[in-house]
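J.: Residue numbers (UniProt numbering), protein chains in the order written: chain B, 1 to 197; chain D, 1 to 197. Would you mind keeping the following structure in view while I ask a few things?
Number of protein chains: 2
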Amino acid sequence: MKLYDLELSGNCYKVRLFAALANIDLELIAVDFLAGEHKSTELLKLNPFGELPILDDHGFILRDSQAILIYLANKYAGEAWWPSSPQQQAEVSQWLFVTANEIQHGPCAARLIDLFQYPLDKQVALIKAERILTILNTHLSEHTWLAINRPTIADIAVYPYVALAHEGSIDLSPYVHIQAWLKRIQALPNYVSMPGL
Amino acid sequence: MKLYDLELSGNCYKVRLFAALANIDLELIAVDFLAGEHKSTELLKLNPFGELPILDDHGFILRDSQAILIYLANKYAGEAWWPSSPQQQAEVSQWLFVTANEIQHGPCAARLIDLFQYPLDKQVALIKAERILTILNTHLSEHTWLAINRPTIADIAVYPYVALAHEGSIDLSPYVHIQAWLKRIQALPNYVSMPGL
Chain B
1 MKLYDLELSG NCYKVRLFAA LANIDLELIA VDFLAGEHKS TELLKLNPFG
51 ELPILDDHGF ILRDSQAILI YLANKYAGEA WWPSSPQQQA EVSQWLFVTA
101 NEIQHGPCAA RLIDLFQYPL DKQVALIKAE RILTILNTHL SEHTWLAINR
151 PTIADIAVYP YVALAHEGSI DLSPYVHIQA WLKRIQALPN YVSMPGL
Chain D
1 MKLYDLELSG NCYKVRLFAA LANIDLELIA VDFLAGEHKS TELLKLNPFG
51 ELPILDDHGF ILRDSQAILI YLANKYAGEA WWPSSPQQQA EVSQWLFVTA
101 NEIQHGPCAA RLIDLFQYPL DKQVALIKAE RILTILNTHL SEHTWLAINR
151 PTIADIAVYP YVALAHEGSI DLSPYVHIQA WLKRIQALPN YVSMPGL
């Protein structure tokens with residue numbers, strides 16, 4: 001199973017992290033992002049959105065890091081990380097959509113601006129980051145994990161760009177419950193890191 | 001089962017639409033959005049994000065329209081709209097995440113600016129709308145439905161803010177394959193409409 005990968009991407013990292021935690025073998029294919037390889041004809045054929053990561057599971061092609069987490073958990077990790085019961089699955093999925101929206105346009109956007117000079121509005125990104133980090137911190141003041149009282153792909157999806165927030169000049173020190181949760185994730189068996197963490 | 005609802009919200013509408021298509025009974029509770037009732041203490045207790053819709057299924061509270069679609073399909077509509085097989089579920093979920101990100105910050109944002117005077121950047125919204133509508137149109141030039149060759153919650157999630165694009169001064173006439181797909185959705189048995197459509 002191949003992952004078209006960029007080492008510095010938090011979206012790629014969450015797939016590498018989940019694969020490590022769930023003992024799933026991935027063959028990493030490094031994509032030359034700075035040279036624009038993700039926008040090459042070949043990769044646009046795999047993902048018309050021109051983004052990474054892309055999964056190739058023996059010819060089954062999948063884009064979007066959250067969709068890839070659902071697929072890997074569903075196919076290779078049983079009920080543990082992505083439960084099938086309607087209530088539990090919905091609770092986990094709420095946080096996957098928070099990742100695609102609030103995390104992406106908050107702490108992730110702030111980092112894209114600082115680290116890769118993306119032409120986004122830094123002030124807007126910081127306001128969105130403060131909002132979602134405040135909600136997250138309050139939620140984690142009452143919960144050990146984001147959903148259903150155990151680590152799931154919700155935690156793995158939200159984790160990277162929150163843990164990397166300092167690379168978007170966001171200070172996590174006011175968010176003590178988030179900090180404790182980051183440490184709990186880092187203590188999971190087979191945890192792997194990425195540059196910047 | 002109660003839905004805290006706003007008639008003019010495309011996110012609320014997608015839940016009403018899916019419930020109609022799948023014969024699920026919903027008791028609608030109209031929330032006074034203009035008076036800020038969604039930010040009241042009572043509703044913030046149900047959804048700390050201060051947003052609609054919110055589902056209350058006999059005490060099980062769920063926020064986020066995409067998560068609500070997953071829940072309703074999973075619990076009340078069997079395999080038809082939200083398949084359980086890893087490949088099919090991942091294909092459907094890709095488009096749910098597109099809804100939470102690209103649709104939300106493209107055509108949905110443009111409409112929020114025009115219709116409700118949201119303080120967002122219209123030019124940015126229009127650029128994002130053009131990108132996702134172009135990708136969508138190309139995808140629909142080769143597919144009848146967004147995923148797995150049948151109508152799923154992917155179509156129901158993406159549909160409202162694309163169909164309402166004109167309310168954000170976006171002209172859909174260049175996107176002929178999108179227009180044909182909108183008509184296919186409108187022809188589904190038990191389809192219901194909303195103001196603006």
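Here a beta-carbon is modelled for each residue, glycine too, at the ideal position from N, C-alpha and C.
Please work out which residues of its chain come closer than 7 Å, Cβ to Cβ, to F49/D, disregarding the five sequence neighbours upstream and downstream, and give them in chain order.
T.: The residues are R63.
J.: Whose Cβ in chain D lies nearer than 8 Å to the Cβ of F97/B?
T.: D64, Q66, A67, L96, F97, A100
J.: Pop quiz: Y161/D and R111/D are said to be a contact at Cβ under 8 Å. What is the actual Cβ separation, rounded to whole angstroms?
T.: 7 Å
J.: Return the residue from the list S169/B, L44/B, L55/B, A180/B that minimises the CA-CA distance to I68/B.
T.: L55/B
J.: If we ignore side chains and look at the alpha-carbon of each, how far apart do L46/D and R131/B end up?
T.: 17 Å
J.: Output needed for Q88/D: all residues of its chain with C-beta closer than 7 Å, excluding positions within five of it in sequence on either side, in chain order.
T.: I148
J.: Starting from K75/D, find everything on chain B with Cβ-Cβ shorter than 7 Å and list it in chain order.
T.: Neighbours of K75/D on chain B, chain order: P86.
J.: Who are the Cβ neighbours of M194/B in its own chain at under 6 Å, not counting the five residues just before and after it?
T.: Y13
J.: Taking 7 Å as the limit between beta carbons, can you name the residues of its chain near A154/B, skipping five residues before and five after?
T.: V92, W95, L96, L146, A147
J.: Which complete alpha helix (DSSP H) runs does the stretch 97-167 of chain B hold, if anything under 4 residues is left out?
T.: Taking only runs of at least 4 residues, the alpha helix (DSSP H) segments lying wholly in the stretch 97-167 of chain B are 109-116, 122-140, 153-163.
J.: Under 7 Å between beta-carbons, which chain B residues line up against F49/D? List them in chain order, please.
T.: I135
J.: Would you give the residue range spanned by the beta strand (DSSP E) that Y4/D belongs to?
T.: 2-5
J.: Measuring only between beta-carbons, confirm whether T138/D sits less than 9 Å from chain B.
T.: yes
J.: For H177/B versus T152/B, is the C-beta spacing smaller than 9 Å?
T.: No; because the gap between Cβ atoms is not below 9 Å, this pair is not in contact.
J.: Would you identify the three-state DSSP class for F60/D, choosing helix, strand or coil?
T.: strand
J.: Determine whether the beta carbon atoms of L133/D and G168/D lie at a separation below 9 Å.
T.: no
J.: Does any residue of chain D bring its CB to less than 9 Å from the CB of E91/B?
T.: yes
J.: Under 9 Å, do S65/B and V15/B count as touching if we go by C-beta distance?
T.: yes
J.: May I ask you to verify whether the stretch 183-193 of chain D touches the stretch 16-25 of chain D, counting CB pairs closer than 8 Å and requiring at least 3?
T.: For the pair of segments examined, the stretch 183-193 of chain D was found to touch the stretch 16-25 of chain D: the number of CB pairs separated by less than 8 Å reaches three.
J.: State yes or no: is the beta carbon of H105/D nearer than 9 Å to at least one beta carbon in chain B?
T.: Chain B, which has a Cβ nearer than 9 Å to the Cβ of H105/D, makes this yes.
J.: Quick check on D171/D: buried or exposed, where buried means 16 or more other Cβ atoms within 10 Å of its Cβ?
T.: exposed
J.: What are the boundary residues of the alpha helix (DSSP H) that includes I185/D?
T.: Counting along the chain, the alpha helix (DSSP H) containing I185/D begins and ends at 176-186.
J.: State yes or no: is the beta carbon of D121/B nearer than 9 Å to at least one beta carbon in chain D?
T.: yes
J.: To which residues does DSSP link A30/D through a beta bridge?
T.: D5/D
J.: Strictly below 8 Å CB to CB, what residues from chain B border F60/D?
T.: Q87
J.: State the Cα-Cα distance for the pair R150/D and M1/D, rounded to the nearest angstrom.
T.: 27 Å
J.: If contact means a Cβ-Cβ distance below 7 Å, which residues of the stretch 146-157 of chain B contact chain D?
T.: none
J.: DSSP three-state call for L52/D: helix, strand or coil?
T.: coil
J.: Classify G10/B as helix, strand or coil using the three-state DSSP reduction.
T.: helix
J.: Would DSSP call S193/D helix, strand or coil?
T.: coil
J.: Among I70/B, A163/B, I24/B, P83/B, which one has its Cα closest to the Cα of residue 200/B?
T.: Residue 200/B is absent from the structure shown; chain B starts at 1 and stops at 197.
J.: Can you tell me where the alpha helix (DSSP H) holding L44/D begins and where it ends?
T.: 41-46
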